[in-house]
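Enquirer: This is the structure I have questions about; it appears just below.
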Amino acid sequence: MNRHHRRALAVAACALACTAVPALPFGQPLGSSGPAQATLASDGQCTFPAASIPGEPWALQRVLMSQLGNLKGQNVTVAVIDSGVDDNNPQLAGAVVAGQDFLKSSQSGTSTTDPIGHGTMVAGIIAARPGSGTGFQGLAPDATILSIRQNDGQPGTATEQTLSQAIDWAANHGAQVINISQDLTDSNGQPYQGINASSQLAVSVANAIAKGIVVVAAAGNENESVPTYPAALPGVLGVGASDRNNERADGFSEMGKSVAVAAPGVDIVSTVPKGGQCVDNGTSFAAPYAAAVAALLREKYPHWTPAQIVARIEQTAQRTDSGPNADIGWGIVDPVAAVTDNSPPEDAAVPTAPNSTGASPVQARPFALGETQQQKDQRAALFALTLGAIGLVAIAGTATVLRDNKKRAARPVTR
Numbered sequence: 001m002n003r004h005h006r007r008a009l010a011v012a013a014c015a016l017a018c019t020a021v022p023a024l025p026f027g028q029p030l031g032s033s034g035p036a037q038a039t040l041a042s043d044g045q046c047t048f049p050a051a052s053i054p055g056e057p058w059a060l061q062r063v064l065m066s067q068l069g070n071l072k073g074q075n076v077t078v079a080v081i082d083s084g085v086d087d088n089n090p091q092l093a094g095a096v097v098a099g100q101d102f103l104k105s106s107q108s109g110t111s112t113t114d115p116i117g118h119g120t121m122v123a124g125i126i127a128a129r130p131g132s133g134t135g136f137q138g139l140a141p142d143a144t145i146l147s148i149r150q151n152d153g154q155p156g157t158a159t160e161q162t163l164s165q166a167i168d169w170a171a172n173h174g175a176q177v178i179n180i181s182q183d184l185t186d187s188n189g190q191p192y193q194g195i196n197a198s199s200q201l202a203v204s205v206a207n208a209i210a211k212g213i214v215v216v217a218a219a220g221n222e223n224e225s226v227p228t229y230p231a232a233l234p235g236v237l238g239v240g241a242s243d244r245n246n247e248r249a250d251g252f253s254e255m256g257k258s259v260a261v262a263a264p265g266v267d268i269v270s271t272v273p274k275g276g277q278c279v280d281n282g283t284s285f286a287a288p289y290a291a292a293v294a295a296l297l298r299e300k301y302p303h304w305t306p307a308q309i310v311a312r313i314e315q316t317a318q319r320t321d322s323g324p325n326a327d328i329g330w331g332i333v334d335p336v337a338a339v340t341d342n343s344p345p346e347d348a349a350v351p352t353a354p355n356s357t358g359a360s361p362v363q364a365r366p367f368a369l370g371e372t373q374q375q376k377d378q379r380a381a382l383f384a385l386t387l388g389a390i391g392l393v394a395i396a397g398t399a400t401v402l403r404d405n406k407k408r409a410a411r412p413v414t415r
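1 is the number of the first residue of the sequence shown in the UniProt record's numbering; add one for each residue after it.
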């Protein structure tokens, strides 16, 4: 089953109107001889407002929220440089601070409006408050989102220059973590390769990190192994997308140097403008998952350097190799392991010590799969119903009834 089929199934299961469209050309491509365009790294757009999605999304089922302790991102500010964040979604009410609007000369609205919904989804993955009628919430639900509007999909509005300016503004206005769910592309839509240490983007990122800010960036959806920027810049936590099997999201997630870690990026539920949630795909939505973990670590360790926070996320990631690989970097981000590991800080991740055989890969530690109370009640009801059916079979004693029950038992449960 390809990712488009998975997306259709997820939308149908959630009874949600979520329209899949090709990725928009965010900003007019200018080619390698001029400023690069900044492309939002998502699969499509959702309709909004949307209905609430009940139950707990799969990406959150991989985290036992109670094991995060009291860490919720309190007093941590995460800058979201994106298409704006609509604070009219009830789950983001009180969570968003208006930042600079780099589109104000060409667009109406403010940094707390979001006509395309991308930034609102990104922000929700980080800091959405618990809401009624849904099991979705952000991984750092007490964090503050500093919304900086810089990319709206219109020609000429999102470039290396405006992205650099947005990073500078965030660094000077209290951001402790910066999430960038976009990457630079050239006139052919390919990863832009005109970045070096003296480029405006590289300088802005380096300055932010020097100020103690953790910079997290989406690796991109080009399905290639060439570097993407800013994810491949030194000190940046570049994030690829993983699927439900803890593998690279085949078909779109970037590989290679840009991927320090991977995080859930397939069938991702998050907030949309005006209310409700939607489902989408992309490294755009993997990056804020990692950024939220960075916010939790910043809350726990306020004096750690960005390198130490990045190293902790990398070191505790779920992986089957002793060190990083091209598909998922150091592994799949494990929020619980990252915040409960109380070992001294390190400035860089190191390969895991080999096991006793010396040749076999280190086995990944399994994620704990949590259940909501609703899911527990449904499971208990199903168990009781099954026992009743077995009792009926025993009493009736007919092959027909037994055969029918076997057929029913063989049907997979659709979630």
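Note that the Cβ used here is the ideal one computed from N, Cα and C, for glycine as well.
For Thr47, does the count of other Cβ atoms within 10 angstroms reach 16, so buried, or fall short, so exposed?
Expert: Position 47 of the sequence shown holds residue 47. Classification of Thr47: exposed, given that the 10 Å Cβ count is below 16.
Enquirer: In whole angstroms, give me the CA-to-CA distance for Thr372 and Ile209.
Expert: As a first step, residue 372 must be located in the sequence shown, where it is residue number 372. As a first step, residue 209 must be located in the sequence shown, where it is residue number 209. Reliability fails at Thr372, whose pLDDT of 35 lies under 50, so the model's placement of it is uncertain and no value is given.
Enquirer: Within the continuous beta strand (DSSP E) that includes Ser242, where are the two ends?
Expert: In the sequence shown, the residue the question calls residue 242 occupies position 242. Taken as a continuous stretch (DSSP letters only), the beta strand (DSSP E) holding Ser242 covers 237-242.
Enquirer: Decide if Ala348 is buried, meaning its Cβ has at least 16 other Cβ atoms within 10 Å, or exposed.
Expert: For the purposes of this step, residue 348 is taken as residue 348 along the sequence shown, with counting starting at 1. Exposed.
Enquirer: Under a three-way DSSP split, which group does Asp168 fall into?
Expert: Along the sequence shown, read from residue 1 onward, the residue named residue 168 stands at position 168. The answer is helix: DSSP assigns Asp168 an H, G or I state.
Enquirer: What is the DSSP secondary structure of Ala79, counted as helix, strand or coil?
Expert: Residue 79 sits at position 79 when you count from the first residue of the sequence shown. Three-state DSSP puts Ala79 in a strand.
Enquirer: With distances taken from CA atoms, which of Ala36, Ser343, Ser108, Glu346 is nearest Asn188?
Expert: Along the sequence shown, one-based indexing puts residue 188 at 188. Of the listed residues, the one whose Cα sits closest to Asn188 is Ala36.
Enquirer: How is Pro288 classed by DSSP in three states: helix, strand or coil?
Expert: Reading the sequence shown from its first residue, position 288 is the one you call residue 288. Pro288 falls in the helix class under three-state DSSP.
Enquirer: Tell me which residues share the same chain as Ala338 and place their Cβ nearer than 6 Å to its Cβ, disregarding the 5 neighbours each side in the sequence.
Expert: For the purposes of this step, residue 338 is identified with residue 338 of the sequence shown, where counting begins at 1. Closer than 6 Å at the Cβ level, and outside the excluded window around Ala338, lie Val293, Arg312, Ile313, Thr316.
Enquirer: Check this for me: beta carbons of Ile309 and Val214, under 7 Å apart or not?
Expert: Taking the sequence shown and counting its residues from 1, one reaches residue 309 at position 309. Taking the sequence shown and counting its residues from 1, one reaches residue 214 at position 214. Yes.
Enquirer: Is it a yes or a no for the region 101-118 touching the region 317-337, going by three-plus beta-carbon pairs under 8 Å?
Expert: Too few Cβ pairs lie closer than 8 Å, so no.
Enquirer: Using CA atoms only, rank isn't needed, just tell me which of Leu60, Asn151, Val216, Ile195 is closest to Ala307.
Expert: Numbered from its first residue, the sequence shown carries residue 307 at position 307. Comparing Cα positions, the closest option is Val216.
Enquirer: Should Ala59 and Pro264 be called a contact, given that it needs their Cβ atoms to be closer than 7 Å?
Expert: Taking the first residue of the sequence shown as 1, we reach residue 59 at position 59. Taking the first residue of the sequence shown as 1, we reach residue 264 at position 264. Their beta carbons are under 7 Å apart, which means Ala59 touches Pro264 by this criterion.
Enquirer: What residue does the beta strand (DSSP E) around Thr39 start on, and which one ends it?
Expert: If you number the sequence shown from 1, residue 39 lands on position 39. Segment 37-40, the beta strand (DSSP E) holding Thr39.
Enquirer: Kindly indicate which residue of Gln200, Leu296, Gly133, Asp101 has the alpha-carbon position closest to the one of Gln67.
Expert: As a first step, residue 67 must be located in the sequence shown, where it is residue number 67. The option with the nearest alpha carbon to Gln67 is Leu296.
Enquirer: Measuring only the C-alpha atoms, how far is Leu387 from Asp280?
Expert: As a first step, residue 387 must be located in the sequence shown, where it is residue number 387. As a first step, residue 280 must be located in the sequence shown, where it is residue number 280. Its pLDDT being 47, under 50, Leu387 is placed unreliably in this model, and the coordinates cannot settle the point.
Enquirer: Answer with buried or exposed for residue 426, where buried requires no fewer than 16 other C-beta atoms within 10 angstroms of its C-beta.
Expert: Nothing in the structure corresponds to residue 426, since the chain is present only between 1 and 415.
Enquirer: Within 10 angstroms of the Cβ of His118, are there 16 or more other Cβ atoms? Answer buried if so, exposed if not.
Expert: Against the sequence shown, residue 118 aligns to sequence position 118. Buried is the call here.
Enquirer: From Ile195 to Ala249, what does the alpha carbon distance come to, in whole angstroms?
Expert: Residue 195 sits at position 195 when you count from the first residue of the sequence shown. Residue 249 sits at position 249 when you count from the first residue of the sequence shown. Distance between the alpha carbons of Ile195 and Ala249: 26 Å.
Enquirer: Taking all protein chains shown into account, do 16 or more other C-beta atoms lie within 10 angstroms of the C-beta of Lys104, making it buried, or fewer, making it exposed?
Expert: Taking the first residue of the sequence shown as position 1, residue 104 is located at position 104. It counts as exposed.
Enquirer: Please return the same chain residues whose Cβ sits closer than 7 Å to the Cβ of Lys274, not counting the five positions on each side in sequence.
Expert: Counted from its first residue, the sequence shown places residue 274 at position 274. Once the five neighbours on either side are set aside, the close Cβ partners of Lys274 are Phe48, Pro49, Asp86, Asn88, Asn89.
Enquirer: Could you tell me if Lys211 is buried or exposed, where buried requires 16 or more neighbouring beta carbons within 10 angstroms of its beta carbon?
Expert: Residue mapping note: residue 211 aligns to position 211 of the sequence shown, counting from 1. By the neighbour-count rule (16 or more Cβ atoms within 10 Å), Lys211 is not buried but exposed.
Enquirer: Let's test the definition: count the other Cβ atoms within 10 Å of the Cβ of Gly55 and tell me whether it reaches 16, buried, or not, exposed.
Expert: What you label residue 55 is simply residue 55 of the sequence shown in a count that begins at 1. Label assigned to Gly55: buried.
Enquirer: Within this structure, are the beta carbons of Ile145 and Ala127 separated by less than 7 Å?
Expert: One-based indexing of the sequence shown puts residue 145 at position 145. One-based indexing of the sequence shown puts residue 127 at position 127. Yes.
Enquirer: Could you check which residue in Asp142, Gly131, Asp152 has the C-alpha nearest to that of Gly109?
Expert: Counted from its first residue, the sequence shown places residue 109 at position 109. When only C-alpha atoms are compared, the closest one is Asp152.
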